[in-house]
Amino acid sequence: MSATSDAELSLTASAIVAPAMSGSHILRIDGYSRTKGLGNAKFISSETFSVGGHRWCLKYCPDSHGSEDSDWISVFLHLDDTTVDEVKAAFEVSLLDKHGNCVFSKSSPLCSFSSCQCTKGYELIKRSDLEGSIYLKDDVFTVRCDVTVAKEIFTKALPISEVSRRNDWDEFFLLVLVVWIVVCSLLVFSRVCIFCWEMQRTV
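Residue numbers (the UniProt record's numbering): 1 to 203.
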């Protein structure tokens with residue numbers, strides 16, 4: 001018998017973990033009509049807020065940010081942190097109704113923010129659409145930005161007991177499913193037998 005067959009087999013486990021941290025910031029534009037006329041590609045910044053250990057702010061552009069979108073209100077997410085080379089984040093900008101519910105939103109997949117590209121955002125809504133909607137009330141409207149910051153991916157060792165426990169639960173649920181199928185099959189079979197017996201009695 002070989003030495004390998006006599007030796008005790010070892011089993012180890014590990015996990016790849018991709019953590020993330022999320023946060024939201026609500027920006028209320030109070031006095032919307034007085035923000036118009038700021039100028040093309042000019043913006044007003046929100047207060048800074050922290051998500052994922054980094055400082056951020058929203059940039060509100062009431063008069064668009066380019067020559068081809070003069071009728072659009074734009075909102076941008078800006079990384080206000082010069083201490084890092086790159087931050088990966090996904091974000092969503094939403095227009096809210098008076099109850100704080102999302103009316104519609106525009107979202108970004110995971111992208112990179114850096115000192116060279118620290119601002120990303122969207123044309124959120126046309127000015128004419130906002131001004132003709134119920135979401136501009138008393139010259140006020142509200143937007144929310146949800147930010148999810150991806151942290152550094154790492155690996156860690158897992159105790160075998162944790163892996164075994166998950167496998168035990170899988171086996172348990174599989175057993176429950178099998179029992180449920182058997183019980184249902186027996187019930188159907190018994191109903192068929194009863195039906196056949198009643199049919200024979202009536203003949």
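Think of the CB as a built atom: it goes at the ideal place given N, C-alpha and C, for glycine as much as any other residue. These numbers come from a predicted model, not from an experiment.
Under 8 Å between C-beta atoms of residue i and residue j
i	j	result
V147	S94	no
L38	P19	no
V103	Y32	no
N76	G121	Rather than Asn, the amino acid found at residue 76 in this sequence is Phe. The answer is yes: Cβ separation under 8 Å.
L136	S74	no
C118	H78	yes
Which listed residue (the options) has its alpha carbon closest to that of residue i
i	options	result
I26	S45, S33, K120 and L9	S45
E152	G100, G53 and I125	G53
A150	A90, I29, I125 and D129	A90
W72	D138, V188 and L130	L130
T83	L110, S114 and K59	S114
S107	S128, L11 and C145	C145
Identified DSSP bridge partners for residue i
i	result
H54	V51
L95	F104 and V143
W72	K126
G121	F76
K88	S112 and A150
K59	S45 and F76
L158	A13
A20	A150
D30	V140
Own chain, CB closer than 7 Å to residue i, minus 5 neighbours either side, in chain order
i	result
D80	T48, R55, W56 and C57
6 Å CB neighbourhood of residue i in its chain, flanking five on each side removed
i	result
S112	E86 and K88
T35	P62
V51	G23, V147 and V149
I29	F141
V183	none
Cβ neighbours of residue i in the same chain (closer than 8 Å, five flanking residues each side left out)
i	result
S105	E92, V93, S94 and L95
L175	none
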